[in-house]
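Numbering (this note's numbering), first residue to last: -13 to 195. First the structure, in the form of structure tokens, and then the observations on it.
The structure is reproduced here in structure tokens:
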């Protein structure tokens, strides 16, 4: 599992769950996240109590795993509402910390090697990687629904979509098409391009209004 898979699942479940009189706010998400962090800390306190031999209630590492998972899930929900690509954010922050402290360990981009033609310039590659990440974040059964309903809140938010330049994305695709990719890879890129061109032309004005 990666963060894009989690984002897609969070988005799909949010459509089932978030059915109140109004959309859940960022404040609600933040409070939920803080609550999960508090629960994890409480489990850690009990584990530490047992480690140093103090009397009192005990807990398990399995419970800690559950609470840590909740923290990750809630963090992604906050990022989803804010239009933040966590894959990119985590990679950038991790690498910046390594560089600041003179460490060699780096996180690499999540884009597979097959998506990196040698003749694609870095700007085009970055644009295409964002397109792939955003597209993969939308569950297949939600894509048409999103376009039809012209939702005001999209899974990646306006912040991500506003960075896309239709012509540059198409130019990047032309580079990909002339590279040595398999038919399946070409089909995948066709789907990405078609979905984004359609989305930008039909719904971007509604999302930004």
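Idealized CB from N, CA, C, for every residue including glycine.
DSSP state of residue i, grouped into three classes?
| i | result |
| --- | --- |
| residue 8 | coil |
| residue 84 | helix |
| residue 41 | coil |
| residue 69 | coil |
| residue 33 | helix |
| residue 90 | coil |
| residue 28 | helix |
| residue 77 | helix |
| residue -10 | helix |
| residue 46 | coil |
If I'm right that residue i touches residue j with Cβ under 8 Å, what's the distance once you round it to whole angstroms?
| i | j | result |
| --- | --- | --- |
| residue 50 | residue 26 | 6 Å |
| residue 64 | residue -1 | The Cβ separation is near 15 Å, so there is no contact. |
| residue 57 | residue 34 | Actually they are not in contact, since the Cβ atoms of residue 57 and residue 34 sit about 18 Å apart, beyond 8 Å. |
Taking only heavy atoms of the ligand ZN into account, decide whether any of them is closer than 6 Å to the Cβ of residue i.
| i | result |
| --- | --- |
| residue -11 | The model depicted lacks the ligand ZN and carries no ligand whatsoever. |
Can you give me the Cβ contacts of residue i inside the same chain, cut-off strictly under 7 Å, excluding the 5 residues immediately before and after it?
| i | result |
| --- | --- |
| residue 62 | -11, -8, -7, -4, 72 |
| residue 29 | 45, 49, 50, 53 |
| residue 10 | 4 |
| residue 82 | none |
Looking only at C-alpha atoms, which of the options sits nearest to residue i?
| i | options | result |
| --- | --- | --- |
| residue 59 | 18, 2, 13 | 18 |
| residue 77 | 13, 91, 38, 12 | 91 |
| residue 13 | 47, 67, 7, 5 | 67 |
| residue 94 | 86, 1, 75 | 75 |
Beta-carbon separation of residue i and residue j under 7 Å?
| i | j | result |
| --- | --- | --- |
| residue 44 | residue 53 | no |
Could you pull out every residue in the same chain whose Cβ sits closer than 8 Å to the Cβ of residue i, ignoring the five residues on either side in sequence?
| i | result |
| --- | --- |
| residue 32 | 42, 43, 44, 45 |
| residue 84 | 90, 91, 92 |
| residue 145 | Its pLDDT being 40, under 50, residue 145 is placed unreliably by the model, and the measurement read from it follows with that caveat. Answer for residue 145: 68, 69, 70, listed in chain order. |
Could you pull out every residue in the same chain whose Cβ sits closer than 6 Å to the Cβ of residue i, ignoring the five residues on either side in sequence?
| i | result |
| --- | --- |
| residue 7 | none |
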